[in-house]
Amino acid sequence: MAQANILVVEDEGIVALDIQNRLRRQGYTPIGRASSGMEALALVKEHRPDLVLMDIRIQGDMDGIETAQKIQETYDIPVVYLTAHTDEQTVQRAKVTDPYGYLIKPFEEHELQITIEIALYKHQMEQALRQQTRQLEQILHTVPEGVLLLDPDNHILSSNRMAKQHLRVLAGAGAEGPLRYLGSHTIEELAARSNLSTFWQEIAVEEDARSCIYEVSVRPILMAKAAKGALGKPGWVVVTRDVTEIREIQKRVHQQERLAGIGQLAAGIAHDFNNLIASITLAVEAVQMTQDGLSERNAKRLSLILEEGKRASQLIRQIMDFSRKSTVEKHPVNLVSVLEELRRILEHTLPEHISIEVEYDGCDYTLDGDAAQLTQALLNLSLNSRDAMPNGGTLRFEVQGVCLKTYDEKPLPEMDSGNWLQLTVTDTGTGIPEEIVPHVFEPFFTTKGPTKGTGLGLAQVYGIVKQHGGHVDIESQPGTGTKFTVYLPSSAAIPDKAEIVKDDVPVENNRGQDDTILLVEDNPSLRATMSELLCLLDYTIIEATNGREALELMTQHQSDVKLVITDLIMPGQEGMATIGELRGRWAELPILAISGGGRVSALDLLPVARSLGANATLPKPISAERLFEVVDRLAG
Numbered sequence: 006m007a008q009a010n011i012l013v014v015e016d017e018g019i020v021a022l023d024i025q026n027r028l029r030r031q032g033y034t035p036i037g038r039a040s041s042g043m044e045a046l047a048l049v050k051e052h053r054p055d056l057v058l059m060d061i062r063i064q065g066d067m068d069g070i071e072t073a074q075k076i077q078e079t080y081d082i083p084v085v086y087l088t089a090h091t092d093e094q095t096v097q098r099a100k101v102t103d104p105y106g107y108l109i110k111p112f113e114e115h116e117l118q119i120t121i122e123i124a125l126y127k128h129q130m131e132q133a134l135r136q137q138t139r140q141l142e143q144i145l146h147t148v149p150e151g152v153l154l155l156d157p158d159n160h161i162l163s164s165n166r167m168a169k170q171h172l173r174v175l176a177g178a179g180a181e182g183p184l185r186y187l188g189s190h191t192i193e194e195l196a197a198r199s200n201l202s203t204f205w206q207e208i209a210v211e212e213d214a215r216s217c218i219y220e221v222s223v224r225p226i227l228m229a230k231a232a233k234g235a236l237g238k239p240g241w242v243v244v245t246r247d248v249t250e251i252r253e254i255q256k257r258v259h260q261q262e263r264l265a266g267i268g269q270l271a272a273g274i275a276h277d278f279n280n281l282i283a284s285i286t287l288a289v290e291a292v293q294m295t296q297d298g299l300s301e302r303n304a305k306r307l308s309l310i311l312e313e314g315k316r317a318s319q320l321i322r323q324i325m326d327f328s329r330k331s332t333v334e335k336h337p338v339n340l341v342s343v344l345e346e347l348r349r350i351l352e353h354t355l356p357e358h359i360s361i362e363v364e365y366d367g368c369d370y371t372l373d374g375d376a377a378q379l380t381q382a383l384l385n386l387s388l389n390s391r392d393a394m395p396n397g398g399t400l401r402f403e404v405q406g407v408c409l410k411t412y413d414e415k416p417l418p419e420m421d422s423g424n425w426l427q428l429t430v431t432d433t434g435t436g437i438p439e440e441i442v443p444h445v446f447e448p449f450f451t452t453k454g455p456t457k458g459t460g461l462g463l464a465q466v467y468g469i470v471k472q473h474g475g476h477v478d479i480e481s482q483p484g485t486g487t488k489f490t491v492y493l494p495s496s497a498a499i500p501d502k503a504e505i506v507k508d509d510v511p512v513e514n515n516r517g518q519d520d521t522i523l524l525v526e527d528n529p530s531l532r533a534t535m536s537e538l539l540c541l542l543d544y545t546i547i548e549a550t551n552g553r554e555a556l557e558l559m560t561q562h563q564s565d566v567k568l569v570i571t572d573l574i575m576p577g578q579e580g581m582a583t584i585g586e587l588r589g590r591w592a593e594l595p596i597l598a599i600s601g602g603g604r605v606s607a608l609d610l611l612p613v614a615r616s617l618g619a620n621a622t623l624p625k626p627i628s629a630e631r632l633f634e635v636v637d638r639l640a641g
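Using our numbering, the final residue of the sequence shown is 641, and nothing's skipped along the way.
Structure below.
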């Protein structure tokens, strides 16, 4: 290691000069000579030599050993002792300072060179090792897992920051001495279970009344056979990671998938019921319109059937809302206006012992939404809170704007960054048990008894919020009340009028006058009932059961047909393709698309039908009044 700068600390002038000459011959650079400890410290501070040759007995109040200690406390500079004294006491004192060499005077020149080279090389290797250790520590302190090294007796040899945080929960804040337990499991038990097939062991612990879940791996420190034989039993490497949030996300995803599956099933059932109910209600309306001589008793019976049919339609609507298959017409909506209208309704419907509070800041509360649907969702939440406060309490609504940046922590893991409206609905009621909370949004789930609720209210809330691109969360504990938090995407700009679905044919009140309508519907009873009703308007009806049949009939009667009414979900050629072909061949032909949802949402189907050329759309079930209104408009 030629060119190294070396300081000589020696109070004998001739000896110091001789050492400096030897250093020059060997290619080193003497940077000076100190005869006392104070001089040595001053020269080290000024020149920062690569090595110090230190005589032990020097002038002044400090001997060489004390001077070496002070150098080591401040500087990373190796020290080699030069001394004529080899007594046990001196040697023991010198060892405490961890010297890089110990030369006994007198010494040969080659002894000096070898000692210096070894000292410089050792120091260089120690510096490299310290650098690697620092880098390893930096890596360990930045990883999200906790990492600990234990000796064979389970004493902690080293740990990173995350491990220290985890141990406060897993082993107790005041854990000292050997690490015997993580949670309720011993280190040895965890090590025995951490084999290749089950690397991670899951541990659940309670912290501040909150359940935390950790994954832990305990493995023996890998050692070479020779080292194991020399050092004996190896220690342990313990790796910990907090998976509480991951498990919560997984639970929410599982719940979302389960609700989606239930929604698909419910939508299919609702689609079939829509057709049945539509057939029943339209048939009753047809009888009411055609039978003038009905007795009062029979007229009341028909009215009762019609009213019950409408109630059944409302239940189906709730199912469709949950499964996100109902039609939502979005307009610019001010959420505060919806809340104020809801407050007016609640003030006339809630018991006097329930107070209502509404609070909001100065944010822009505009969103693209269906005001009626949003009101229905909030009304359902309000009625749920009312039932939870039989002895009175407070129902509180609070709205605020939330701007989430990409790097912000999201209130719910499934939320995206952007502008949101946060609406909380809080009550001071009885609360909900923990085991019930995951099921509250499931359709037909209720704790109110078979005669006190359908179990569709909160399911409808869930579906409406999802249809608006939002999210809903619930927090509740028995005895402390319940808080629902709804997040809806905020709209800073008013949407284009093209986004608002409107019937684009002027209203006219002309009746059929024997004009022809092509009715395309695969459900026989609904097709027959609609046909009978339309005949009451003096239309001539041609019936088809699928799209292919409709196109054939249209080709035969194209000069007579004034309007096509087509379902969108049918066997064979579906309504979408039928609309496309009709519009391609008969550009001016009015088309009315109808749908009850099913395996594809009416929310998705009806706007697409309009984009393909349908002049108007109607969701099932259809009232006779609404059907007459649209048919008059299109065929008149």
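A virtual CB, placed ideally from N, CA and C, is assigned to each residue, including glycine.
Every value quoted in this text rests on a predicted model; they were computed, and no experiment measured them.
Let me make sure I understand the geometry here. Which of the options has the alpha-carbon closest to that of residue i?
| i | options | result |
| --- | --- | --- |
| T88 | D103, I61, R257 | I61 |
| D392 | I359, V84, E150, N279 | I359 |
| G460 | K256, L617, N389 | N389 |
| P35 | N551, T295, R349, I24 | I24 |
| Q64 | V14, T95, H562 | V14 |
| A304 | V292, C540, E313 | V292 |
| H562 | I547, L573, I574 | I547 |
| Y365 | S496, L384, V258, E345 | E345 |
| N279 | R30, K315, H171, S422 | K315 |
| R215 | I192, T490, T249 | T249 |
| M309 | D297, V210, E290, G298 | Reading off the sequence shown, one finds Leu at residue 309, where the question assumed Met. Out of D297, V210, E290, G298, E290 has the C-alpha closest to the C-alpha of L309. |
| G18 | D297, A39, D213 | A39 |
Are the CB atoms of residue i and residue j nearer to each other than 8 Å?
| i | j | result |
| --- | --- | --- |
| P4 | G474 | There is simply no residue 4 to check, as the chain begins at 6 and stops at 641 in what is shown. |
| V101 | I82 | no |
| L428 | F446 | no |
| D520 | K567 | yes |
| I161 | G188 | no |
| G436 | G398 | no |
| A45 | L12 | yes |
| L155 | V243 | yes |
| R252 | I218 | yes |
| A73 | P104 | yes |
| E116 | L125 | no |
| N385 | V466 | yes |
| S496 | P337 | yes |
| H476 | L573 | no |
| I361 | R349 | no |
| L587 | N620 | no |
| G484 | T431 | no |
According to DSSP, is residue i part of a helix, a strand, or is it coil?
| i | result |
| --- | --- |
| H336 | strand |
| H171 | helix |
| Q518 | coil |
| Y370 | coil |
| Y80 | coil |
| G423 | strand |
| D158 | coil |
| M59 | strand |
| G709 | Summary: the structure shown does not reach residue 709, with the chain confined to residues 6 through 641, and so no result is reported for it. |
| L184 | coil |
| E593 | coil |
| Y467 | helix |
| E312 | helix |
| I218 | strand |
| K507 | Its pLDDT being 39, under 50, K507 is placed unreliably in this model, and the coordinates cannot settle the point. |
| K488 | strand |
| I574 | coil |
| K567 | strand |
Measure the beta-carbon distance from residue i to residue j and round it to whole angstroms, keeping in mind my assumption that it falls under 8 Å.
| i | j | result |
| --- | --- | --- |
| W241 | S222 | With a Cβ gap of about 10 Å, W241 and S222 do not count as contacting. |
| A614 | G580 | 7 Å |
| P626 | S318 | 5 Å |
| M420 | Y492 | 6 Å |
| A168 | L153 | 5 Å |
| G552 | A582 | 6 Å |
| A99 | I121 | Not really, about 17 Å apart at Cβ, beyond 8 Å. |
| Y86 | M59 | 6 Å |
| T534 | A288 | 5 Å |
Exercise for the section: Indicate whether the contact test is met: 3 or more Cβ pairs, each with one atom in the region 66 to 85 and one in the region 32 to 52, closer than 8 Å. Expected result: The answer is yes - the region 32 to 52 touches the region 66 to 85, with three or more Cβ pairs under 8 Å.
Practice task
Please confirm if the region 276 to 286 is in contact with the region 528 to 535, defined as three or more CB-CB distances below 8 Å between the two stretches.
Solution key: The answer is yes - the region 528 to 535 touches the region 276 to 286, with three or more Cβ pairs under 8 Å.
Problem - Three CB pairs or more closer than 8 Å across the region 630 to 637 and the region 536 to 546 - result: Judged by Cβ distances under 8 Å, the region 630 to 637 makes contact with the region 536 to 546, as three or more pairs qualify.
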